[in-house]
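A quick write-up on the structure given underneath.
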Amino acid sequence: MMLSQMVASMDEATYLRLRDAAETGKWPDGTALNEEQRGNCLQLVMAYQSLRLTEHQHMEMGPGGELVQKSKRELKAAFSGGDEQEIMRTKL
């Protein structure tokens with residue numbers, strides 16, 4: 001099976017499990033990944049991000065396999081969303 005076919009058939013839950021495994025070096029049950037498994041997970045995660053995701057995090061693979069990095073200003077704008085609400089106010 002080609003990598004693109006594998007990514008096309010992968011659901012989001014599988015992607016999230018693979019992403020967590022690549023980040024932590026462990027499967028969800030706590031079993032450690034060997035180097036080959038971690039490399040394969042990372043390759044699948046990067047392919048999924050490149051081919052399937054449209055919203056980019058701070059640093060991830062974008063369309064065409066290009067590394068996408070957001071600046072601090074872009075991250076602040078994304079997190080604020082322009083819809084800021086006051087959560088709590090205190091007197092000091």
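Read left to right, the sequence shown gives residues 1 to 92 (full-length UniProt numbering).
Beta carbons are placed, not taken as given, at the ideal position from N, Cα and C, and that holds for glycine.
Since we're looking at a predicted model, the values are computed, not measured.
Nearest neighbour of residue i, chosen from the options [CA to CA]
i          : options           : result
residue 9  : 90, 51, 66 and 19 : 51
residue 25 : 42, 92, 53 and 7  : 42
residue 49 : 36, 11, 91 and 2  : 11
residue 3  : 90, 45 and 53     : 45
Alpha-carbon to alpha-carbon, residue j and residue i
i          : j          : result
residue 22 : residue 16 : 10 Å
residue 53 : residue 7  : 11 Å
residue 70 : residue 30 : 32 Å
residue 91 : residue 80 : 24 Å
Burial state of residue i (16 or more Cβ within 10 Å)
i          : result
residue 67 : exposed
residue 47 : buried
residue 18 : buried
Note down, one range per segment and in chain order, each alpha helix (DSSP H) of at least 4 residues found wholly within the segment 5–39.
12–24
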